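Colleague: Next up is a structure, given as structure tokens.
Numbering (the UniProt record's numbering), first residue to last: 1 to 66.
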């Protein structure tokens, strides 16, 4: 996997280290980013299921009203 070097504010990195409980700055940021991505994937999966259910409900023929 390719590596990228970035500069971050030291306070931000220390906060990530404290919240994650990881002593290595690089590992702490990696864990935070991986968690953020995983949450996004879970959210997409949930909303996709909900949207699919709504599409199926809309696709059913409606009974005549009146």
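Backbone N, C-alpha and C define an ideal beta-carbon position, used for all residues, glycine too. For clarity, every value in this text was computed on a predicted model and none was experimentally measured.
Whose C-beta lies closer than 6 Å to the C-beta of residue 13 among residues of the same chain, with five residues either side of it excluded?
Modeller: Locating residue 13 in the chain shown gives position 13, counting from the first residue. The residues are 25.
Colleague: Leaving out five residues before and five after residue 3 in sequence, what residues of the same chain have Cβ atoms less than 8 Å from its Cβ?
Modeller: For this step, residue 3 is matched to residue 3 along the chain shown. Counting only Cβ-Cβ distances below 8 Å, and skipping sequence neighbours, we find nothing.
Colleague: To the nearest angstrom, report how far apart residue 38 and residue 7 are at their CA atoms.
Modeller: On the chain shown, position 38 is the one that residue 38 refers to. On the chain shown, position 7 is the one that residue 7 refers to. Their Cα atoms are separated by approximately 23 Å.
Colleague: Please state whether DSSP places residue 63 in a helix, a strand or coil.
Modeller: One-based indexing of the chain shown puts residue 63 at position 63. Note: residue 63 maps to coil in three-state DSSP.
Colleague: Quick check on DSSP: helix, strand or coil for residue 28?
Modeller: Taking the chain shown and counting its residues from 1, one reaches residue 28 at position 28. It is helical.
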